[in-house]
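Enquirer: Numbering (my numbering), first residue to last: 8 to 923.
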Amino acid sequence: MSAVRRIEAEGGEQLVERETELRLLTSLLADLERGRAGSALVLGPAGSGRTALLGEIAARAAERGLQVFAARGSATEADLPYGLLSQLLTPVPELADLPWLRAALEGGPDVPVLHELLCQRLLESARRRPVLLVVDDLTLADEESAAWLAALQRRRGHDPVLLLAAHSGPAGSDGEEPVGGLPWENRHVVRLRPLSEAAVRRVVHAGPAPRPPVTEVYEATRGNPALLTEVLARAAAGPGPEIDAITADVRRDVVLDLLARLPADLAALVRTIAAVGTLDEACLRPLAGPLGMPLSRALRVLADSGLVGTDPAEPMNPQVATWVLAVTGPAERAATRRRAAELGHRRAAPEEDVAGLLLGSEPVGEAWALETLRAAALRRREAGDHAGAARYYRRALAEPVPAGTSARLRLELETVEASSCHFTGDLRLARATRVSADGESVRTRLSAVDLMMQRGAKDDALRELAGLSGAGLGDRDRADLAALHWLAEGTGSGAATLGVPAVADVDPGAMSPAQAAAASWLTTMACRDAKAARRLARRACESPHERISLYSPRLALAATLAQTDDVLEALSVYDGVMADASAAGARVPVALALTGRAWIHLQRGRVQDAEEALAEATAAGPPGGWPPTVAGSLSTVAIAAALTRGDLAAAQRAVDAAAADGSLRFSSPYLLFMRGLLELDLKRHQRALGLFQECGRRMNAVGWTNPGLVPWRSHVAIAAQALGDEHTAAAMISEEWQLAQAWGTRTAIGRTHLGAGVAVRSEDAVFRLTQAVNALQQSPARVLYVEAQLLLAAAQLNRGQTGGVARLLREAERLATAYQLGWATARLADLGKRLSERPKPLTSHRTASRRWRALSPKAADLVRRVLADASNAELAAELEISKRAVELRLTAIYRQLEVTGRTELRELFAALDKEL
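1. Would you report the Cα separation of residue 543 and residue 580, rounded to the nearest angstrom?
2. Skipping 5 residues on each side, what residues in its chain have a beta carbon closer than 7 angstroms to that of residue 911?
3. According to DSSP, is residue 5 helix, strand or coil?
4. Along the chain, where does the beta strand (DSSP E) that runs through residue 145 open and close?
5. Using C-beta distances below 7 angstroms, list every residue in its chain close to residue 163, excluding the 5 sequence neighbours before and after it, in chain order.
6. Using the C-alpha atoms, what's the distance from residue 257 back to residue 237?
7. Tell me the DSSP bridge mates of residue 74?
8. Looking at the structure shown, is residue 55 part of a helix, part of a strand, or coil, going by DSSP?
9. Identify the residues that DSSP records as bridge partners of residue 331: which are they?
10. For a test of the three-state rule: what should DSSP assign to residue 27, helix, strand or coil?
11. Could you check whether the segment 518 to 532 touches the segment 477 to 491, counting it as contact only if at least three pairs of C-beta atoms, one from each stretch, sit closer than 8 angstroms?
12. Is the number of C-beta pairs between the segment 291 to 305 and the segment 361 to 380 that are closer than 8 angstroms three or more?
13. Would residue 610 and residue 787 qualify as a contact pair, given that the criterion is a beta-carbon distance under 8 angstroms?
14. Among residues of its own chain, excluding the 5 on either side of residue 95, which ones have a beta-carbon nearer than 8 angstroms to its beta-carbon?
15. Among residues of its own chain, excluding the 5 on either side of residue 69, which ones have a beta-carbon nearer than 8 angstroms to its beta-carbon?
16. Which residues does DSSP pair with residue 49 in a beta bridge?
17. Rounded to the nearest angstrom, how far is the Cβ of residue 641 from that of residue 685, given a contact under 8 angstroms?
18. In the DSSP assignment, what are the bridge partners of residue 79?
19. Considering only residues of the segment 809 to 877, which uninterrupted alpha helix (DSSP H) runs meet the minimum length of 4 residues and lie entirely inside it, listed in chain order?
20. Could you check what DSSP says for residue 445 in three-state terms: helix, strand or coil?
21. Is the Cβ-Cβ distance between residue 472 and residue 503 less than 8 angstroms?
22. Going by C-alpha to C-alpha distance, which of 648, 751 and 252 sits closest to residue 541?
23. In three-state terms, what does DSSP make of residue 291?
24. What distance in whole Å lies between the Cβ atoms of residue 644 and residue 621, which are believed to be in contact at a cut-off of 8 angstroms?
25. Do the CB positions of residue 819 and residue 793 come within less than 8 angstroms of each other?
26. Quick check on DSSP: helix, strand or coil for residue 22?
27. Output needed for residue 720: all residues of its chain with C-beta closer than 6 angstroms, excluding positions within five of it in sequence on either side, in chain order.
28. Please state the DSSP three-state secondary structure of residue 244.
29. Check the C-beta distance from residue 703 over to residue 533 and give it rounded, since I have them as a contact under 8 angstroms.
30. Taking one C-beta from the segment 294 to 307 and one from the segment 118 to 137 each time, how about it: are there three or more such pairs within less than 8 angstroms?
31. Note down, in chain order, each residue of its chain lying with its Cβ closer than 7 angstroms to the Cβ of residue 597, except the 5 sequence neighbours on either side.
32. What is the rounded straight-line gap between the Cα of residue 126 and the Cα of residue 134?
33. Using 8 angstroms as the threshold, is the C-beta distance between residue 381 and residue 403 below it?
34. Given a cut-off of 8 angstroms on the beta-carbon distance, is the pair residue 100 and residue 55 in contact?
35. For residue 61, I'd like the list of residues in its chain whose CB is within less than 7 angstroms of its CB, leaving aside the five on either flank, ordered along the chain.
36. Among 349, 697, 535 and 392, which one has its Cα closest to the Cα of residue 379?
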């Protein structure tokens with residue numbers, strides 16, 4: 008008896024936490040002594056103590072003088088006729104002179120008669136002295152023995168025979184179904200639960216010191232008595248592994264011992280289930296070898312042993328499957344999986360299940376296998392499981408495939424693996440281009456170069472394009488190669504030796520969509536003409552016959568549309584990139600599209616949308632971190648979002664985070680500019696000046712002269728003016744103004760006027776800021792528009808000009824509230840206070856008359872009634888309209904006259920009081 012299932016008590020040993028079960032079964036023994044028949048079924052999983060409980064009851068019965076006959080089913084004898092019955096009946100005295108076993112095995116028409124004779128002899132023995140029949144592992148009984156036990160159950164009547172059986176029982180079984188073919192009328196069911204933590208504590212404390220932690224033991228064994236016994240025994244043997252490791256070792260040893268003791272046919276069935284992961288008999292029957300028993304019975308036998316489960320969702324414990332597969336030969340395992348995959352394909356099993364079988368199978372050599380593996384890889388990529396996708400791609404490459412398809416698979420594999428580690432990503436993409444240039448492989452190499460460029464490896468991309476340019480390319484491939492080359496070298500000068508023309512030498516009307524997208528971005532960078540850039544961008548978007556498949560030209564197209572103030576079209580292009588790249592599992596294009604969207608949202612004042620895009624891009628990051636291009640963009644957007652909210656502390660934290668992850672070492676002009684804005688807001692003008700100047704040097708180095716990209720010149724002017732360098736400030740403003748005029752968008756012009764309004768002398772500020780407000784009013788740059796209004800209102804108040812300030816503040820407040828611009832709140836309050844403290848000038852008779860004449864007759868009549876102190880309710884009654892209609896009419900009049908309400912209305916027409 009196990010030390011776990013028994014502990015020492017004052018009266019001897021006792022079972023742990025089985026008192027209720029013992030009381031019930033002992034009461035059945037008492038009934039048996041009084042001549043009452045009965046039956047009981049003990050249910051419990053493997054290791055739950057069924058055998059110990061049956062042994063205790065058998066011992067108590069023997070002490071009471073009852074006859075006890077016991078047998079135990081086993082997997083090795085499950086197909087041995089009368090194997091269990093021979094164990095059970097051999098000790099019966101009344102059968103000692105009867106050669107029943109030999110006669111039963113010989114078969115023939117006398118077997119039913121023999122069964123009846125065995126029942127009679129056993130019942131005669133029970134009439135002399137009550138009999139307890141103990142059958143452990145009943146479901147493992149052979150069919151012949153089970154049939155005899157069923158006959159005994161029906162024949163015993165009121166003779167004092169108690170049948171006590173035990174088995175594991177299916178999950179959720181309540182004992183209502185016949186077990187082993189036996190009828191169980193008037194039976195009692197005993198369920199063995201795992202030991203509680205309190206019981207485990209009693210067992211642990213009953214053992215010798217040092218004792219392992221009770222909580223760890225309980226969590227590792229989950230109260231399984233047999234497992235607990237062995238774990239404690241190994242733990243007591245001396246210092247060694249942790250409890251979890253000991254438990255895993257015990258479980259593995261038990262599983263492998265059971266597997267070794269099974270008959271060869273059942274052991275093969277266990278290995279098949281572990282390999283294919285299913286209990287479906289229709290699937291297992293063609294895969295399993297010849298069995299000595301029906302398949303359904305074999306599954307019940309294995310379930311009772313604990314090697315397989317009964318739940319179709321988990322046919323075998325994952326750990327058990329791992330241990331079984333570890334002792335299965337790789338050739339047998341691969342061959343089994345292949346047969347299962349072929350069977351699943353023929354029977355239209357779920358594609359995901361078939362692909363899972365193919366992962367560990369031999370190459371199939373048929374088209375369906377490659378298609379299934381590739382589809383599974385794409386599903387994994389869409390779900391963000393790049394490691395899983397890589398496994399399917401590697402398995403697909405083991406199939407015999409054409410060179411072009413193999414190249415595409417290698418590119419897709421390198422893409423998902425590059426997404427996991429940016430340090431080796433460029434090398435992996437370069438490796439994907441080392442294929443012959445024929446057919447589909449050309450697209451593979453172009454796609455690899457495309458992904459290199461998004462990672463910032465433009466020099467590597469140019470080298471790969473040089474190697475590809477000499478190959479025989481089709482028109483589309485050559486056009487895409489030229490587009491990538493233009494974007495990689497950044498000037499559009501082309502390379503005559505490689506057959507790549509300059510942008511200027513290609514007729515815009517003859518450009519492919521990819522070329523038009525690249526050319527539009529080069530035009531934007533060089534600040535040539537916004538209208539020309541827009542025409543090229545529209546050509547790239549609207550080509551009816553060809554769609555851009557490469558990501559880099561599409562990202563360049565979206566950036567161009569954002570710079571030409573066509574932000575809704577830019578968002579649409581970014582959405583398309585995200586959809587296609589997500590489906591292909593390409594993380595870098597997705598992240599770059601999300602940061603592009605975030606920039607547009609910030610420009611439009613939608614800070615929350617920008618932060619959501621930023622969070623989505625950050626969460627999609629690979630375990631090894633983003634490449635510098637993406638990491639820098641994320642840091643830039645994080646700083647910009649914090650500055651737009653007016654949260655300088657958050658902006659500083661974003662800068663610190665960029666320094667910690669190394670983004671500052673690869674600072675782009677955008678990141679340098681954002682850091683400069685933070686320093687400017689913190690009044691650290693010298694630092695801001697240095698960052699703006701470095702930003703300008705880097706932009707000039709790559710030919711980015713467009714002030715719409717980064718207005719570094721006007722911000723150099725602002726920092727220089729704060730430091731007293733008016734000459735530098737004036738020069739920078741003049742240079743940026745010329746470039747903004749050349750580019751010509753409202754946002755670029757308005758932003759330059761805005762910067763000039765801050766940097767120039769106060770007498771020119773009102774003019775510059777007025778121009779900024781007028782330009783930005785019709786641009787998508789809502790945040791800049793609010794800033795311009797506040798600065799203009801402040802400049803006018805500084806010069807004593809209050810006209811129009813109230814209107815500016817009302818519009819700025821409306822937009823600041825709509826876009827949740829917290830930084831504007833304090834400034835609005837301050838400017839409102841300054842305006843209220845200014846003496847209000849009296850309106851001249853001439854001005855009042857001009858505004859009165861501008862009113863329609865109906866509006867003038869309504870104003871006359873308001874000036875006569877009529878309330879809104881009185882006006883509604885007089886005009887026979889609703890009060891709400893009166894409010895709407897007055898609001899329109901107030902807006903036309905540029906007043907805020909009745910008070911300002913009276914002040915406006917005070918000069919006409921007598922005439923009205």
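Glycine included, C-beta positions come from ideal geometry on N, C-alpha and C.
Expert: To lay it out plainly:
1. Numbered from its first residue, the sequence shown carries residue 543 at position 536. Numbered from its first residue, the sequence shown carries residue 580 at position 573. So the alpha carbons of these two residues sit roughly 14 angstroms apart.
2. By 1-based counting over the sequence shown, the position of residue 911 is 904. For residue 911, where only same-chain residues beyond five positions count, there are no Cβ hits under 7 angstroms.
3. No statement about residue 5 is possible, as the shown extent of the chain runs from 8 to 923 and does not include it.
4. Here the question's residue 145 lines up with position 138 in the sequence shown. Taken as a continuous stretch (DSSP letters only), residue 145 belongs to no beta strand (DSSP E), as it is neither H nor E.
5. As a working mapping, residue 163 is identified with position 156 in the sequence shown. Taken in chain order, the residues that qualify are 44 and 130.
6. As a working note, residue 237 is residue 230 in the sequence shown. As a working note, residue 257 is residue 250 in the sequence shown. Their backbone Cα atoms lie some 7 angstroms apart in a straight line.
7. The sequence position of residue 74 within the sequence shown is 67, counting from 1. Its beta-bridge partners are 138.
8. Translated into positions along the sequence shown, residue 55 becomes position 48. Three-state DSSP puts residue 55 in coil, outside helix and strand.
9. On the sequence shown, position 324 is the one that residue 331 refers to. Per DSSP, none; premise fails for residue 331.
10. Walking along the sequence shown from the start, residue 27 turns up at place 20. Three-state DSSP puts residue 27 in a helix.
11. yes
12. no
13. Numbered from 1 along the sequence shown, position 603 holds the residue referred to as residue 610. Numbered from 1 along the sequence shown, position 780 holds the residue referred to as residue 787. Yes; because the gap between Cβ atoms is below 8 angstroms, this pair is in contact.
14. For the purposes of this step, residue 95 is identified with residue 88 of the sequence shown, where counting begins at 1. Excluding residues within five positions, the ones whose Cβ falls inside 8 angstroms are 76, 77, 78, 140, 142 and 152.
15. Within the sequence shown, numbered from 1, the residue matching residue 69 stands at position 62. Within the same chain, residue 69 has close Cβ partners 75.
16. The residue given as residue 49 occupies position 42 in the sequence shown. In the DSSP output, where bridge partners are listed per residue, residue 49 has 173 and 197.
17. Taking the sequence shown and counting its residues from 1, one reaches residue 641 at position 634. Taking the sequence shown and counting its residues from 1, one reaches residue 685 at position 678. Rounded, the Cβ-Cβ distance is 16 angstroms, inconsistent with contact.
18. Along the sequence shown, read from residue 1 onward, the residue named residue 79 stands at position 72. Residue pairing from DSSP places residue 79 in a beta bridge opposite 143.
19. Correct list: 812 to 825, 830 to 844, 852 to 860 and 864 to 874.
20. Residue mapping note: residue 445 aligns to position 438 of the sequence shown, counting from 1. Confidence at residue 445 is low in this model, with a pLDDT of 48, below 50, so its placement is unreliable and the value that follows should be read with caution. Three-state DSSP puts residue 445 in coil, outside helix and strand.
21. Numbered from its first residue, the sequence shown carries residue 472 at position 465. Numbered from its first residue, the sequence shown carries residue 503 at position 496. Going by C-beta atoms, residue 472 is not nearer than 8 angstroms to residue 503.
22. As a working mapping, residue 541 is identified with position 534 in the sequence shown. Cα-wise, what sits closest to residue 541 is 751.
23. Sequence index remark: in the sequence shown, residue 291 carries index 284 (1-based). Of the three classes helix, strand and coil, the one that applies to residue 291 here is helix, per DSSP.
24. Here residue 621 is taken as the residue at index 614 of the sequence shown, counted from 1. Here residue 644 is taken as the residue at index 637 of the sequence shown, counted from 1. Their Cβ separation, rounded to whole angstroms, is 5 angstroms, which keeps residue 621 and residue 644 in contact under 8 angstroms.
25. As a first step, residue 819 is located in the sequence shown; it is residue number 812 there, counting from the start. As a first step, residue 793 is located in the sequence shown; it is residue number 786 there, counting from the start. A contact, by the Cβ cut-off of 8 angstroms.
26. Translated into positions along the sequence shown, residue 22 becomes position 15. Here residue 22 sits in strand by DSSP.
27. Here residue 720 is taken as the residue at index 713 of the sequence shown, counted from 1. Excluding sequence neighbours, residue 720 sits near 739, 742 and 743.
28. As a position in the sequence shown, residue 244 is number 237, starting the count at 1. Reduced to three states, the DSSP call for residue 244 is coil.
29. Position 696 of the sequence shown, counted from the first residue, corresponds to residue 703. Position 526 of the sequence shown, counted from the first residue, corresponds to residue 533. 16 angstroms between Cβ atoms; not a contact.
30. no
31. Working through the sequence shown from its first residue, we reach residue 597 at position 590. The answer, listed in chain order, is 585, 588, 589 and 627.
32. As a first step, residue 126 must be located in the sequence shown, where it is residue number 119. As a first step, residue 134 must be located in the sequence shown, where it is residue number 127. Looking at the two C-alpha atoms, the distance is approximately 12 angstroms.
33. In the sequence shown, residue 381 corresponds to position 374, counting from 1. In the sequence shown, residue 403 corresponds to position 396, counting from 1. Contact flag set, yes.
34. Residue numbering aside, residue 100 sits at position 93 when the sequence shown is read from its first letter. Residue numbering aside, residue 55 sits at position 48 when the sequence shown is read from its first letter. Not a contact, by the Cβ cut-off of 8 angstroms.
35. Position 54 of the sequence shown, counted from the first residue, corresponds to residue 61. Only residues of its own chain outside the window of five on either side were considered, and among them 49, 141, 143, 171 and 173 have a CB closer than 7 angstroms to the CB of residue 61, listed in chain order.
36. Translated into the one-based positions of the sequence shown, residue 379 becomes position 372. Cα-wise, what sits closest to residue 379 is 349.
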